[in-house]
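Visitor: Let me begin by handing over the structure; questions about it come next.
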Amino acid sequence: MCLHRSGTVVAVIVYVTGGARSGKSRFAETRAAARGEAVTYLATAQAFDTEMEERIARHRADRPAHWTTVEESLEVPRALQYAATPTVVLDCLSLWVSNMLLIGWTDGAMLAAADDLLSVAHARSGLSVLVSNEVGLGIVPDNALTRRYRDVLGWVNQRCAAASHEAYLLVSGLPLQLKSSEEFHAP
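Count along the sequence shown from 1, then add 685; that gives the number in my numbering.
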């Protein structure tokens, strides 16, 4: 359970970001498991090629067998709303934004979906761990679609970081805490 210092059970949002292979998922999973409660793993990846199929299979194999896995590539706010456990790891926002972008959603629609997701996360009683990639630290992409993706994901990430109670940046497997709230305790 997530506790406010008053002892009230509340929603707690933990935002985890970082580069590729930075340890984001492992950190999020460890954080969720530390609570000792049932966990729902909300996966947004779609397999469009063999490499991605293998990556998804590795992630599935690495998760504890007693966790519930929900695979949802678009209706992520709804999936979070109906999660059957108090603790949810959403991995990841980056692929969710990509999924929306590739089927033609407007920037406004993607940002509205992110706002919906955060409204749902705030309405839950439990821990929501939101995982995303930080893609804005590299060079400016050479094509419009990739620049648009980088921009929209950056805006989504800003919203999630602002709405979170805690935020972490993973670099080379090491978590850097960006934001903390002493009012909440979410082991």
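Ideal Cβ placement from N, Cα and C applies to all residues, glycine included.
Let me know if residue 725 comes out buried or exposed under the rule of 16 or more other beta-carbons within 10 Å of its beta-carbon.
Guide: Stepping through the sequence shown from its first residue, residue 725 is reached at position 40. So residue 725 counts as buried.
Visitor: For residue 628, is the classification buried or exposed, using 16 other Cβ atoms within 10 angstroms of its Cβ as the cut-off for buried?
Guide: No statement about residue 628 is possible, as the shown extent of the chain runs from 686 to 872 and does not include it.
Visitor: Quick check: what's the CA-CA separation for residue 707 versus residue 766?
Guide: As a first step, residue 707 must be located in the sequence shown, where it is residue number 22. As a first step, residue 766 must be located in the sequence shown, where it is residue number 81. Those two C-alpha atoms are separated by around 28 Å.
Visitor: Can you tell which of 835, 774 and 864 has its C-alpha closest to the C-alpha of residue 755?
Guide: Against the sequence shown, residue 755 aligns to sequence position 70. Among 835, 774 and 864, the Cα nearest to that of residue 755 is on 774.
Visitor: Jot down the residue ranges of each uninterrupted beta strand (DSSP E) in the stretch 796-867, minimum 3 residues, whole runs only, in chain order.
Guide: The qualifying runs are 812-818, 851-856 and 859-864.
Visitor: In the structure shown, what three-state DSSP assignment does residue 792 receive?
Guide: For the purposes of this step, residue 792 is taken as the residue at position 107 of the sequence shown. Three-state result, residue 792: helix.
Visitor: How many angstroms separate the CA atom of residue 762 from the CA atom of residue 815?
Guide: One-based indexing of the sequence shown puts residue 762 at position 77. One-based indexing of the sequence shown puts residue 815 at position 130. Roughly 12 Å between the two C-alpha positions.
Visitor: By Cβ distance below 7 Å, which residues in the same chain neighbour residue 835 in space, the five residues on each side in sequence not counted?
Guide: Position 150 of the sequence shown holds residue 835. Around residue 835: 820, 821 and 826.
Visitor: If you drop the 5 nearest sequence neighbours on each side, which residues of the same chain put their C-beta closer than 6 Å to that of residue 757?
Guide: Counted from its first residue, the sequence shown places residue 757 at position 72. Cβ within range, chain order: 764.
Visitor: Looking only at its chain, what residues have a beta carbon closer than 8 Å to the beta carbon of residue 841, apart from the 5 residues adjacent to it on each side?
Guide: For the purposes of this step, residue 841 is taken as the residue at position 156 of the sequence shown. If we look at residue 841 and ignore the five residues flanking it on each side, its Cβ neighbours are 778, 782, 795, 796, 799 and 817.
Visitor: Using the Cα positions of residue 759 and residue 838, report the straight-line distance between them to the nearest angstrom.
Guide: Locating residue 759 in the sequence shown gives position 74, where the first residue counts as 1. Locating residue 838 in the sequence shown gives position 153, where the first residue counts as 1. Taking the straight line joining both Cα atoms gives about 15 Å.
Visitor: Contact between the stretch 735-742 and the stretch 712-721 is defined here as three or more beta-carbon pairs at a separation below 8 Å; is this criterion met?
Guide: The stretch 735-742 vs the stretch 712-721: no contact.
Visitor: Would a C-beta distance cut-off of 9 Å place residue 804 and residue 698 closer than the cut-off?
Guide: The count along the sequence shown starts at 1 and reaches residue 804 at position 119. The count along the sequence shown starts at 1 and reaches residue 698 at position 13. It is not a contact, given that the beta carbons lie outside the stated cut-off.
Visitor: Which complete beta strand (DSSP E) runs does the stretch 721-746 hold, if anything under 3 residues is left out?
Guide: Within the stretch 721-746, the complete beta strand (DSSP E) runs of at least 3 residues are 724-728.
Visitor: What number of angstroms, rounded off, separates the C-alpha of residue 771 from the C-alpha of residue 748?
Guide: Position 86 of the sequence shown, counted from the first residue, corresponds to residue 771. Position 63 of the sequence shown, counted from the first residue, corresponds to residue 748. Each residue's alpha carbon lies about 17 Å from the other.
Visitor: Comparing C-alpha positions only, which one of 866, 785 and 792 sits nearest to residue 730?
Guide: Residue numbering aside, residue 730 sits at position 45 when the sequence shown is read from its first letter. Residue 730 has its Cα closest to that of 785, out of 866, 785 and 792.
Visitor: Quick one: grab the DSSP three-state call for residue 873.
Guide: As displayed, the chain neither begins before 686 nor continues past 872, which places residue 873 out of reach and without an answer.
Visitor: Which first and last residues belong to the beta strand (DSSP E) in which residue 699 is found?
Guide: Residue numbering aside, residue 699 sits at position 14 when the sequence shown is read from its first letter. Segment 697-703, the beta strand (DSSP E) holding residue 699.
Visitor: Which residues mark the beginning and the end of the beta strand (DSSP E) in which residue 753 is found?
Guide: Here the question's residue 753 lines up with position 68 in the sequence shown. Its beta strand (DSSP E) spans residues 753-756.
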